[in-house]
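To start, the structure itself, in structure tokens.
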Amino acid sequence: MPTVIPFPAEGGSPREPQSSPMTEMIREELNQLSSNEYMVNCILERMKPFIATLDCDLSLDMEITDDNEAGVMQVIPSIQDLQSRFDGIISEIISERILHEIHLFHIERATKI
1 MPTVIPFPAE GGSPREPQSS PMTEMIREEL NQLSSNEYMV NCILERMKPF
51 IATLDCDLSL DMEITDDNEA GVMQVIPSIQ DLQSRFDGII SEIISERILH
101 EIHLFHIERA TKI
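When the letters of the sequence shown are read in order and numbered with UniProt numbering, they come out as residues 1 to 113.
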């Protein structure tokens, strides 16, 4: 039976599977910190499980009726404040992880020499 060898489609080199917005955000951060594409790709590969953990649905489903509309409108500012604080905390966690991965990358490269 013949062996089928897949060739890349038009457009040049094979591309990584579609990236998530979180992956692209982290890629941008890494590119701002370093022009070393090899390092960026290594770190992104190592961070895949971390990025998958961040990709969760935190939507708040709620039914607004005439009876609860006034109460819902009162809690909206508190929910927005909670979302802002949560976004800040997640951003700090991501930044710390990126810096940790960069440090780890350089340690691993230094010990291979």
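Glycine is no exception: its CB is placed at the ideal position from the N, C-alpha and C atoms.
Nearest neighbour of residue 40 by Cα position, chosen from 55, 56, 23, 52, turns out to be 23. If the five residues before and after residue 29 are omitted, its C-beta is found closer than 7 Å to the C-beta atoms of 98, all from its own chain and listed in chain order. The beta-carbon distance between residue 102 and residue 64, rounded to whole angstroms, is 45 Å. This is too long to meet the 8 Å contact definition. Note on geometry: alpha-carbon atoms of residue 69 and residue 87 lie some 26 Å from one another. The alpha carbon of residue 104 has as its nearest neighbour, out of 47, 20, 25, 32, the alpha carbon of 47.
Rounded to whole angstroms, the Cβ separation of residue 60 and residue 79 is 7 Å, and the two are in contact under 8 Å. In the three-state reduction of the DSSP assignment, residue 55 falls in the coil class.
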